[in-house]
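Down below is the structure, laid out as structure tokens.
Protein chains: 4
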Amino acid sequence: MKVGFIGLGAMGSAMASNLIAAGHAVTVWNRSEAAAEKLGSLGAKVVHTPDRAAQGDVLHSMLANDQAMREVFLDGGLLDAMDPGTVHVNHATISVALAKQLAEEHGKRGLGYVAAPVFGRPDVAAAGKLNILVAGQATAVEKVKPLLEVMAAKLWPMGDAPERANVVKLAGNFMIVTAIESMAEASVLARAYGVSASDFLELMTSTLFASPVYQIYGKSIAEQRFTPPGFALPLGLKDVMLAQDAGHAAQVAMPLASVLRDSLLEAMADGAESMDLSALARVSERRANLDQRNKG
Amino acid sequence: MKVGFIGLGAMGSAMASNLIAAGHAVTVWNRSEAAAEKLGSLGAKVVHTPDRAAQGDVLHSMLANDQAMREVFLDGGLLDAMDPGTVHVNHATISVALAKQLAEEHGKRGLGYVAAPVFGRPDVAAAGKLNILVAGQATAVEKVKPLLEVMAAKLWPMGDAPERANVVKLAGNFMIVTAIESMAEASVLARAYGVSASDFLELMTSTLFASPVYQIYGKSIAEQRFTPPGFALPLGLKDVMLAQDAGHAAQVAMPLASVLRDSLLEAMADGAESMDLSALARVSERRANLDQRNKG
Amino acid sequence: MKVGFIGLGAMGSAMASNLIAAGHAVTVWNRSEAAAEKLGSLGAKVVHTPDRAAQGDVLHSMLANDQAMREVFLDGGLLDAMDPGTVHVNHATISVALAKQLAEEHGKRGLGYVAAPVFGRPDVAAAGKLNILVAGQATAVEKVKPLLEVMAAKLWPMGDAPERANVVKLAGNFMIVTAIESMAEASVLARAYGVSASDFLELMTSTLFASPVYQIYGKSIAEQRFTPPGFALPLGLKDVMLAQDAGHAAQVAMPLASVLRDSLLEAMADGAESMDLSALARVSERRANLDQRNKG
Amino acid sequence: MKVGFIGLGAMGSAMASNLIAAGHAVTVWNRSEAAAEKLGSLGAKVVHTPDRAAQGDVLHSMLANDQAMREVFLDGGLLDAMDPGTVHVNHATISVALAKQLAEEHGKRGLGYVAAPVFGRPDVAAAGKLNILVAGQATAVEKVKPLLEVMAAKLWPMGDAPERANVVKLAGNFMIVTAIESMAEASVLARAYGVSASDFLELMTSTLFASPVYQIYGKSIAEQRFTPPGFALPLGLKDVMLAQDAGHAAQVAMPLASVLRDSLLEAMADGAESMDLSALARVSERRANLDQRNKG
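Protein chains in written order, with the working numbering: chain P, 84 to 379; chain W, 84 to 379; chain Z, 84 to 379; chain V, 84 to 379.
Below is the structure:
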């Protein structure tokens, strides 16, 4: 198929490269061109404005956040430049409110819209093993399925309404951050009684909690290794707040999300802006003044 | 070895039966005698007072809580009835404060004391596949290791101070309850947008959170099946409060534990006293008034 | 002075009528004209578009929220229609972000901008006894002081930066909602032990907490009288969220605000949308299932 | 009347001195005798064991906490040494559980028991202006009323069951700590935007919150003056935890109390053990890293 791809960060690049490898004709655009050139060397056609990437049958986008989506698709006029019948597959983690608005704006213009947020880090994306949530009109979904299958270990259909895929993505990220805060608080308790974080977390993450999320972030906490970020802490805060916004719009109170938000803010105030989500552990440690105590 | 075992609930019975099967001479006592008779039929010697079970080389106990421990060992005088040199292996989930006190009281009387709380449900205990935390004086631990290995998939040494094993057990149970509350809040958010709890939780528990705790409790939440209890909700509340007590004694604030305590109390007030821990999900649902809405 | 006033709800009308009574030439505009006519009968000149009200020396506005402010002043073009040198006095409780943006937009156009949010209910406004926070450039503040003094028991200068007055207003409203939640939780505890809410709250609000906020909302809680709203619950939720937003922008975690947000959301889900803020008490009661219990 | 008084801290001494001044024959005992001698110089009879103070018609006690009460009255045998018909008036802030137990133990021995916890600091006690909560059997209450009136601005009857007075006292102290945390969080928000804590708190405590609690603790926060303690922070933590215990026993969740507990623990870990309750403000400040920022 003739496919466009815009937004070539670590995730987008890995996903687009799989489309190329699968034999699709991929046209790419990215704000900073270096990333696009790299895909050019893999066989993509590189263009210099996003509308040029949107001329195919399907346009994938993996932009950073609501603001980038608005700038390119709404304020930047990309939606108006697309041909009716084109299907836009949006992989970004965006707000439920924007998801609804985008569905409406695409509909008005006769464009297809599929929300397809993903679970998986860049290495998983590169391996074509993402878990991809898929929601949108059946015909549009049907059309893009072969493309998604190239990138995915499994597709998880979430029905007609695109925002459903987004709310599931946000709920999942909320669960990830909760798992990290849980390890942070529990391991500070253990440490206060003389058990090392690594002894404690090795036990937990190889038995009851032997799953990827706990193992990846548990290792960072045990080793107090918070840079470079795998999942940047400010993005985690953004996602927790988007989950809260979705909760607010639907009158769903989420007390754990409130704790996460406050702990993440405290981490930011303490300088974790360019650290990994696992740096939440620094907040628990600071609360208990563990550092000072051990010196004393 | 000549071994005693007191406290024959579902867990204790399964553990004692493995000791019998491994060829040890096991003497058992239980408050209600039916459970003891059952082990008698497997080859145990049944006695009618706890001191009679405490005449061997090692005494295991798996009593319900702090109060039962105090009644039998301290107020009931069992400690005073034991021979110096005997090692007591305590498998119960008890407070850190009592763990310290017991270590002291055993020491005074020349008795060995090993804290050996376990992770695993009765079926895991029956299969001899528990994860057992072990803390106590090296000589005492060395002596009882062969007995513990009979019951365990793996032993997790936690050092000399018995209370360390207890604090790790409490920290682990805190993480379990957090995982449940996390699934509860996230699945209500998903449901408010029309995604079923089972679709949402199947995704989560077969990908990012593919571990026993999430799968077991996630299934209960998805199916809204809260009886009979696997892990009774009031016991979960007790353990969260013991984790908070341990935190208080060491000046460690645990904001997630506070949320769990309040949600569990709310569950109790709403009639979940004889339900499973997964009934926490009822609280999230009630907060969002989801039932009423779907009717409306 | 020649003064305009737009936004004539209960508060705005009371404030504008005091300006008229003090002898100022007041031109009024309101979206729904009935409120404007009423002030016309007191001597105001009624106009049918907001720009006509903005021709004087000073323009007061008391609109409902950020959205109304944006619609009238930014998207609606009112700022562009004002004469350089005019001072705009904004009494609304708005976000810190919008306060900053408005200060900038006024500055660009040579317009004065004074943030002057108020504490006090409509009866206090009618009596000219408001507490008014005032922030903005000294010259602009100086010019409007005589007008503000007509409405106020006291002016509280907050410096040059207009958003400071707004953040103080939000922080104050946060304290109000906290006081209500505090009475709600405490009186349910007392009731669970057989002490009536009115006995408990009479004690508290006539001794340690003998201040207006506690007395007004305490009375509503004691009498379970939640309609008509004095301070509507959804507005309280809005203000708590604006305080959280201000906290987020400045990396200030406010754990009490998080509890308030969740309790208010729960109140909304339980049907308190058109009730008074004091209906927070229904949430505490529901959490403890107090109603059911007393029946049982 | 012939009256005994035991427990002569700052509060107890002030209260006992008013009984002396009113012409009652007062016998006093205190663990450390210096305080007793001081009352001796005002006319009290000083004795060296508590049972000697318990020979009159009425025995007042104002001991520090549950532990001190248990040591003197239960384990120390004072209850057994009292003459049937004597009425014991307990002014201490104790747990609801102990209040119930004491009521029962007094009843068994034919002793009267009145719970009479007080609101007011030592200077208020000295002026005889306390607010005294009173609960107990009507005949016992009637008998001690003249004594209580000597110490009180007002008596607040709370019915027959002594623990009701205690739960009201705990609920009141919970409200005090909430008010402090509320000022702490709000003033850090204001400070983050350049408004000084003293400007902010002067406004709040002279308008909406013009009541003793806000004024006393608000002043400490504004001046960052946390020693010497008026209400010691560890006692505030104790009382919040007793309120939570009372909530637990009655299945009443109190989310604000949970926040207070965690903030107080964090204050303790940061060295506030010998500071005033108002030192809660240090925790909010630290969370926002305000100190560091202002240096930066």
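No residue lacks a Cβ here, since even glycine has one placed at the ideal position from N, Cα and C. Bear in mind that the values here come from a model prediction, so they are computed numbers and not experimental data.
Asked: Unbroken alpha helix (DSSP H) runs of length 4 or more, entirely within the region 278-307 of chain Z: which are they?; Found: 280-289, 295-306
Asked: Using only alpha-carbon positions, find the residue among H143(P), L194(P), T169(P), N113(P) that is nearest to A175(P).; Found: H143(P)
Asked: If we define contact as Cβ-Cβ less than 8 Å, is R370(V) a contact residue for chain A?; Found: The structure shown contains no chain A; the protein chains it does contain are P, W, Z and V.
Asked: Would you tell me roughly how many angstroms separate the C-alpha atoms of D345(W) and M358(Z), rounded to the nearest one?; Found: 25 Å
Asked: Using a Cβ-Cβ cut-off of less than 7 Å, give me the residues of the region 131-165 of chain V that come near chain W, in sequence order.; Found: none
Asked: Applying a beta-carbon distance threshold of less than 8 Å, which residues of chain Z neighbour A267(W)?; Found: Here the premise fails: no neighbours, minimum Cβ distance about 14 Å.
Asked: Could you tell me which chain P residues have their CB closer than 8 Å to the CB of E246(W), listed as they occur along the chain?; Found: Y276
Asked: Could you work out which residues of chain Z lie near D353(W), taking near to mean beta carbons separated by less than 8 Å?; Found: N372
Asked: When the Cα atoms are used, what is the spatial distance from V129(W) to G87(W)?; Found: 10 Å
Asked: What did DSSP end up calling S124(Z) once you bin it into helix, strand or coil?; Found: coil
Asked: Roughly how many angstroms separate the alpha carbons of Q138(Z) and E188(P), rounded to a whole number?; Found: 39 Å
Asked: For L238(V), which residues from the same chain have a beta carbon less than 6 Å from its beta carbon, with the 5 sequence-adjacent residues on both sides left out?; Found: I215, V217, L231
Asked: I'd like to confirm the pairing. Which residues does DSSP put opposite G432(Z) in its beta bridges?; Found: Residue 432(Z) is absent from the structure shown; chain Z starts at 84 and stops at 379.
Asked: If you drop the 5 nearest sequence neighbours on each side, which residues of the same chain put their C-beta closer than 7 Å to that of A236(W)?; Found: K212, L213, N214
Asked: With the cut-off set at 8 Å, would you say D149(Z) and L194(Z) are in Cβ contact?; Found: no
Asked: Is the number of C-beta pairs between the region 295-308 of chain P and the region 270-283 of chain P that are closer than 8 Å three or more?; Found: yes
Asked: How about G255(Z): is its C-beta nearer than 8 Å to some C-beta of chain V?; Found: yes
Asked: In chain P, which residues lie less than 7 Å from A338(Z) when you measure between Cβ atoms?; Found: Note that residue 338(Z) is Pro in the sequence shown here, rather than Ala. Correct list: D345.
Asked: Do G255(Z) and M287(V) count as a contact pair if the criterion is CB distance below 8 Å?; Found: yes
Asked: Taking only the alpha-carbon atoms, compute the straight-line gap between V224(V) and L185(W) and give it to the nearest angstrom.; Found: 44 Å
Asked: Which same chain residues end up closer than 7 Å to V227(V) when comparing Cβ atoms and leaving out the 5 residues on each side of it in sequence?; Found: V141, V170, V172, V197
Asked: Is G379(Z) close to chain V? Criterion is C-beta to C-beta, closer than 8 Å.; Found: At G379(Z) the pLDDT is 43, less than 50, meaning the model places this residue with poor confidence and gives no usable figure here.
Asked: Below 8 Å between beta carbons: does that hold for L146(P) and A329(W)?; Found: no
Asked: Given a cut-off of 8 Å on the beta-carbon distance, is the pair A362(W) and A355(W) in contact?; Found: yes
Asked: Inspect the beta-carbon positions of E285(V) and V342(V) and report whether they are closer than 8 Å.; Found: no
Asked: Going by C-alpha to C-alpha distance, which of P133(Z), D166(Z), N113(Z) sits closest to G159(Z)?; Found: P133(Z)
Asked: What are the partner residues of Y196(P), as DSSP defines its beta bridges?; Found: H171(P)
Asked: Residues in its own chain within less than 7 Å of S178(P) by CB, not counting five upstream and five downstream?; Found: D149, L325, D328
Asked: Can you find a CB in chain P that lies within less than 8 Å of the CB of Y300(W)?; Found: no
Asked: Using a C-beta cutoff of 8 Å, does E349(W) count as contacting chain Z?; Found: yes
Asked: So, does the CB of H331(Z) fall closer than 8 Å to a CB anywhere in chain P?; Found: yes
Asked: Taking all protein chains shown into account, do 16 or more other C-beta atoms lie within 10 angstroms of the C-beta of P229(W), making it buried, or fewer, making it exposed?; Found: exposed
Asked: Can you tell me where the beta strand (DSSP E) holding P240(V) begins and where it ends?; Found: 235-240
Asked: Is there a C-beta anywhere in chain Z that falls below 8 Å from the one on S281(P)?; Found: no
Asked: Is A336(Z) near E268(P), with beta carbons less than 8 Å apart?; Found: no
Asked: So which residues of chain Z does S294(V) contact, with C-beta pairs closer than 8 Å?; Found: L291, F292, A293, S294, Y297
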